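Quick note: the sequence shown uses our numbering, first residue 1, plus one each step.
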Amino acid sequence: MEDLTDVYNELIMEHSMNSYNKRKLDDATISEIGHNPNCGDEITLEIKLNGNIIEDLAFSGHGCAISQASTSIMIDTLKGKTIEEGREIIKTFIGMIKREITDEDELKKLEDAIAFKNVANMPARVKCALLAWHTIENMLNEKV
């Protein structure tokens, strides 16, 4: 039987190499650049809102496998959610990475994004995993 960590690692690698979320969104409502000066990761995140629903998201840019996969999985996790549900998921993900939220039931709402749980043990990678999440948090807080 496969170890859960192996499944998570495969998921991260799959998203970092073949992200169907890495594209241009022609009719984006909001667009913002996220940049991590420590390692040079830079993404442009685009959201299309339909009322209170996060209808579509996409990203472009470059970065390490963790930042690219985290961005792609975040998009899968947030697409179709309300803005409030999105904010709650974002808060939970950031809390998980900072080790402030460890309750398994609470973490279930992260869906595949729980794959990044072990990043909390790798301080040099935390900012990589959080880049897109902080960017979308700013977008939703400032512009919505």
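Using N, Cα and C, we set each Cβ at its ideal position, and we do this for glycine too.
Nothing here was measured: the structure is a model prediction, and the numbers come from that model.
Span separating the alpha-carbon of N50 from that of M17 = Each residue's alpha carbon lies about 29 Å from the other.
query = Would DSSP call S67 helix, strand or coil?
reply = Helix.
key: T92 beta carbon less than 8 Å from that of I83   = With contacts defined as CB atoms closer than 8 Å, I83 and T92 fail to qualify as a contacting pair.
inquiry  = I need the DSSP call for I105, collapsed to helix, strand or coil.
reply    = One point to set straight first is that residue 105 is Asp, not Ile, in the sequence displayed. If DSSP states are grouped into helix, strand and coil, D105 belongs with the helices.
key: First through last residue of the alpha helix (DSSP H) which encompasses I53   = Run containing I53: none in the alpha helix (DSSP H); it sits in the beta strand (DSSP E), I53 to H62.
ask   = What three-state label does DSSP hand N21 in the structure shown?
value = N21 falls in the coil class under three-state DSSP.
message = Can you tell me whether D41 is buried or exposed? The criterion is at least 16 other CB atoms within 10 Å of its CB, across all chains shown.
response = Label assigned to D41: buried.
message = Closest to D26 by C-alpha separation, out of D6, S60 and G34, would be which residue?
response = Comparing C-alpha distances from D26 to each of D6, S60 and G34 shows the shortest one belongs to S60.
task = Could you check the C-alpha separation between C39 and I114 for me, to the nearest Å?
result = Distance between C39 and I114, taken at the CA atoms: about 23 Å.
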